[in-house]
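Residue 84 in full-length UniProt numbering sits at position 84 of the sequence shown, and the numbers go up by one each step.
Below is one structure, written out as structure tokens, with a few remarks after it.
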Amino acid sequence: MAVDAFAVLAEPTRRRILGRLLEAESSVNELVEALEVSQPTVSKQLKVLREAGFVICRTEAQRRIYRIRAAPFQALDDWLQPYRALWDRHLDALERHLDNLE
């Protein structure tokens with residue numbers, strides 16, 4: 001079953017979790033403390049992120065440590081590439097226009 005990455009990332013708490021994990025690997029309790037979100041909410045959102053492949057976890061003693069998995073973000077970047085090229089063309093045209101005004 002394919003997961004719509006944009007649907008996964010549309011949820012604000014999931015984006016906040018990913019932002020925190022971008023800074024450092026974290027346990028559920030560390031995420032709860034850093035984000036000031038309830039433990040059940042963090043666990044629920046981590047499950048979605050894990051099932052979608054955005055995060056992985058490892059066990060350390062009795063804690064589960066989560067970190068970002070890069071592959072889904074590369075797939076998003078690949079999908080965005082044509083749109084980035086479109087914006088680059090528009091920005092280049094704007095730059096030429098501004099240069100002509102000088």
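We treat Cβ as the ideally placed atom computed from N, Cα and C, and that holds for glycine.
Since the structure is predicted, the reported quantities are computational estimates derived from the model, not experimental observations.
The stretch 26 to 37 makes no contact with the stretch 72 to 84: fewer than 3 CB pairs, one atom from each, lie closer than 8 Å. Its Cα nearest to that of V48, the residue A5 stands out among A5, E102 and G19. DSSP places S38 outside both helix and strand once states are collapsed to three, so it counts as coil. Taking 9 Å as the cut-off, the Cβ atoms of Q45 and R14 count as close. Bounds of any beta strand (DSSP E) do not take in E95; it lies within the alpha helix (DSSP H) bounded by A71 to L101.
E11 carries a coil assignment under DSSP once its states are collapsed to helix, strand and coil. I65 is bridged by DSSP to S27 and R58.
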